[in-house]
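A quick write-up on the structure given underneath.
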Amino acid sequence: MVTTHNLGFPRIGAKRELKFGLERYWRGESSRDELKALGARLRQLNWASQKGLDLAPVGDFAFYDQVLDMSFTLGNLPARVQGFHGDALDNYFRVARGRSAGAAEEHAACCGGVAAGEMTKWFDTNYHYIVPEFTADTTFKLDASRYVEQLAEARAQGVKGKPVVIGPVTYLWLGKAKDDSDKLALLPRLLPAYVELLATLAAQGAEWVQIDEPVLVTELAPAWREAFRTAYAAFAGGPVKLLLATYFGQLQENLPLVCELPVQGVHLDTVNARGEVEPLIAGLPADRVVSLGVINGRNIWKTDLDGVLDWLVPVAAQLGERLWIAPSCSLLHVPVDLDSEQKLDAEVKQWLAFALQKLDELNVLAIALREGRAAAQAALSANHAAIEARRASPRVNNPAVKKAVASLTADMGRRQHAYAERAAKQSALLKLPAFPTTTIGSFPQTAEIRQARSQYKAGALDEAGYLAAMRAEIGRSVREQEALGLDVLVHGEAERNDMVEYFGEQLEGYVFSQFGWVQSYGSRCVKPPILFGDISRPRAMTVEWIRYAQSLTDKPMKGMLTGPVTILNWSFVRDDQPRSVSCRQLALAIRAEVQDLERAGIRVIQIDEAALREGLPLRRAQWREYLDWAVESFRIAANGVGDETQIHTHMCYSEFNDIIHAIADMDADVITIETSRSDMELLDAFDDFKYPNEIGPGVYDIHSPNIPTEAHIVQLMRKAAERVPAERLWVNPDCGLKTRQWAEVIPALTNMVAAARTLRQQA
Ligand code: GLN
Ligand code: ZN
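With my numbering applied, the sequence shown corresponds to residues 60 to 822, in that order.
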């Protein structure tokens with residue numbers, strides 16, 4: 060009857076073994092063979108965890124990134140690394156991470172330094188992939204060794220493997236033509252490599268190949284739709300069966316196209332596209348496999364198994380052997396094992412499922428479908444009890460919060476007066492010079508800070524000791540800023556581990572895992588906080604720190620908060636209410652904090668929205684709706700203050716062109732953005748739009764240890780002044796300085812302040 064399978068498994072390891080292995084290797088502390096052995100061990104563990112499945116993914120493991128793996132499989136290496144004569148794995152890391160000429164002693168003669176490949180978001184997830192690079196001359200040459208090796212490993216382990224391949228159309232779509240040529244024109248050259256790959260996989264014993272084409276859930280231009288027809292026609296009648304995998308959204312207008320392609324099966328993400336199950340079945344020829352992604356591969360909640368069975372049982376009766384079930388997408392986006400969690404709130408823990416638990420759920424569904432629900436009764440009852448407990452829990456449902464959100468009014472999102480009037484009042488109060496200088500919030504997180512925090516967490520340092528240590532750091536930051544002559548100061552964020560976690564820890568409705576790591580890119584992982592219940596703020600979160608910092612100086616001290624949209628987008632969110640509702644709850648909590656800061660005499664308050672753009676839906680048709688509630692949430696958080704209080708917001712590197720109207724709607728008095736690497740060209744969007752409020756375009760790249768010169772900053776600000784009237788410009792770095800050393804920060808900011816003075820004299 061039903062076949063179970065999985066689209067991909069997290070490769071980082073339950074305890075981040077791959078991360079630590081990679082970093083050891085990169086530091087030269089372990090050998091290449093040791094790293095390769097670790098990779099093999101992780102694959103073996105992952106397959107062992109998936110042994111209950113009828114088909115397990117092969118080739119989903121990657122040392123750094125699955126897209127980069129695909130580029131190497133297809134022989135599409137950037138020209139700058141093609142002359143390399145060392146080990147292929149080292150070359151792979153050179154594309155992933157880049158290498159400065161100095162560090163590449165071994166290969167100084169052949170290749171010198173190379174720039175890292177560009178990285179960008181994998182669809183609407185927080186995973187980042189290495190962008191394939193194309194030019195009009197790109198050619199492809201298959202290297203299937205990775206698949207051959209891993210299929211052999213799987214076979215030796217008794218696993219029935221299903222190779223996972225990124226489909227040709229999605230592969231081209233993900234890449235970037237460096238010479239602005241038409242990347243789709245490469246399709247005829249690309250397809251033979253795929254045909255050869257499929258033949259190789261068949262020769263290695265693969266019956267099915269999962270071919271991932273997630274671009275099918277986005278709006279495709281006609282040429283891209285045509286590319287699907289061309290590509291899959293080239294594979295028709297080939298030696299393996301193809302499961303065309305779509306995920307992260309609905310097929311919508313692409314559904315008929317999918318039904319038309321000559322593949323043997325189609326995977327649909329029913330978490331996002333439950334309504335497309337019937338049309339897909341109706342549209343597909345009667346011999347096709349229908350794979351339904353019924354377990355959410357993007358979040359950490361238990362599946363309501365009875366709820367799924369209610370609609371799946373009839374579908375199974377209809378499809379018989381043709382039905383496959385799986386998670387909605389690769390489990391790459393969830394942590395590995397809930398059982399690792401020893402300290403997680405026991406009640407909330409019962410409601411959760413990480414990758415391994417999701418596979419257990421899949422297995423329960425399979426038993427119920429094959430043998431009837433009674434055969435899975437114990438597991439189904441336990442699941443039902445957990446789902447009901449969560450639904451009814453007073454920890455999840457807080458009537459006061461629900462009432463507050465229900466009674467939100469448009470007025471609460473509006474300032475008292477328009478920007479021009481506010482600006483006049485703020486300027487009278489703050490008395491800032493032209494080209495005011497400030498920083499984005501954090502100062503270096505020194506070894507002492509980290510030590511004090513970990514000692515405090517471990518109980519080795521008491522509350523008073525911790526407070527004193529943090530106050531000392533704040534004092535140092537204030538003294539340094541006064542000596543530098545900055546105009547609007549910050550407290551430096553010494554007490555914050557992370558800009559989202561810090562707030563999540565103080566809000567009701569959040570829990571934190573110990574090992575809930577998810578790969579962000581390469582060896583980098585994030586541990587998103589888990590937003591499980593209605594959000595409330597039991598007490599002020601930042602006021603005492605900021606009040607203390609303000610007490611040390613006569614200069615304005617900037618209050619520093621993370622905005623509701625960013626907190627939401629960097630968390631695991633609830634699946635029992637729309638994201639917009641959770642966001643409004645967060646907005647009310649931040650609003651209360653903003654008002655408390657104002658009451659404490661803080662005149663300038665920054666609300667960071669670094670992740671605003673990250674939440675954009677995959678389909679443009681849905682952007683408007685997202686931006687409406689996201690901007691409204693920011694406005695609710697920010698706008699409960701008087702005209703005299705100056706609201707800042709900050710965004711890291713981002714495209715602004717297509718969302719500039721939303722940025723303007725946020726109506727922050729001042730927005731600081733990351734611009735230095737774009738040579739101020741990012742400001743064109745603000746110029747074209749006639750953005751009305753103040754802007755602080757970042758004047759130096761905080762990711763680099765380089766010290767910017769005064770002349771360079773002056774030059775950048777002149778460019779900025781060609782686009783934004785000088786009287787509305789601020790001078791600040793690109794982002795927070797927490798990853799830098801004081802020894803870098805002092806000279807950099809000295810030059811920045813000097814540049815502002817020069818600009819004032821010339822104004
Ligand atoms: N205020 C934060 C900081 O300075 C902002 C960080 C960010 O934008 N990512 O660290
Ligand atoms: Zn930033």
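No residue lacks a Cβ here, since even glycine has one placed at the ideal position from N, Cα and C.
Best match in the options for proximity to residue i [C-alpha to C-alpha]
i    : options                : result
D667 : R694, A648, E652, T708 : T708
P767 : L302, P806, F307, N456 : P806
Q504 : A553, A465, G534, V460 : A553
E740 : E714, I722, V223, N765 : E714
I772 : F68, F494, D746        : F494
L421 : L488, S350, P373       : S350
N791 : E703, S582, L543       : L543
H476 : A448, D726, L378       : D726
G757 : S737, K749, A770, F748 : S737
Q774 : T305, S735, K361, P191 : S735
G699 : Q654, T601, R683       : Q654
A815 : L675, T496, D687, M619 : T496
L788 : L627, E507, P492       : P492
S399 : F574, D728, P623       : F574
Beta-carbon spacing of residue i, residue j below 7 Å
i    : j    : result
G134 : F193 : no
Y186 : G118 : no
G226 : I270 : yes
I189 : A215 : no
A213 : W106 : yes
D238 : A195 : yes
P116 : V218 : no
L691 : Y712 : According to the sequence as given, residue 691 is Glu; it is not Leu. No, they are not a contact pair.
T612 : A670 : no
A425 : V393 : no
G356 : L390 : yes
P273 : A295 : no
D793 : D743 : no
Q565 : M600 : yes
L627 : L645 : yes
P338 : L303 : no
E769 : A813 : yes
Whole-angstrom distance between residue j and residue i, CA atom to CA atom
i    : j    : result
E82  : F152 : 12 Å
P69  : E786 : 51 Å
D241 : T277 : 19 Å
E165 : D146 : Any reading at E165 must be qualified, since the residue scores a pLDDT of 49, below 50, and its modelled position is unreliable; no value is offered.
R598 : H720 : 34 Å
N716 : L77  : 38 Å
C170 : Q309 : Here C170 scores only 46 on pLDDT, less than 50, and its place in the model is too uncertain to base an answer on.
E803 : L796 : 10 Å
E335 : V372 : 16 Å
L677 : A689 : 16 Å
V423 : D328 : 19 Å
R777 : T704 : 28 Å
A167 : R158 : Below a pLDDT of 50, predicted positions are generally treated as unreliable, and A167, at 47, falls in that range; no measurement from the model is reported.
N810 : T817 : 10 Å
H443 : G366 : 9 Å
L656 : V464 : 22 Å
G592 : V570 : 9 Å
W370 : L428 : 11 Å
Q510 : M529 : 11 Å
G161 : R86  : Low confidence applies here, because G161 scores a pLDDT of 44, under 50, leaving its location unreliable and the question unanswered by this model.
R473 : I71  : 45 Å
L316 : G755 : 47 Å
Y84  : G500 : 34 Å
Q636 : R643 : 12 Å
G701 : E567 : 28 Å
A651 : W181 : 35 Å
F120 : Q820 : 58 Å
heavy atom of the ligand FAD below 6 Å from residue i C-beta
i    : result
A807 : Judged by which ligands are present, the ligand FAD is missing from the structure shown, whose ligands are the ligand GLN and the ligand ZN.
Residue-level contact to chain C via CB, residue i, 7 Å cutoff
i    : result
L818 : Looking for chain C here will not work: only one protein chain is present.
Review point. Using 8 Å as the threshold, is the segment 551-567 in touch with the segment 576-584, meaning 3 or more CB pairs across them?
Key: no
Check your understanding: Touching or not, the segment 622-631 and the segment 587-598, by the rule of three or more beta carbon pairs under 8 Å?
Key -> yes
**Study point:** Three or more C-beta pairs below 8 Å linking the segment 392-409 and the segment 89-97
**Key:** With fewer than three CB-CB distances shorter than 8 Å, the segment 392-409 does not count as touching the segment 89-97.
Check your understanding: Are the segment 448-455 and the segment 746-754 touching, with three or more C-beta to C-beta distances below 8 Å?
Key -> no
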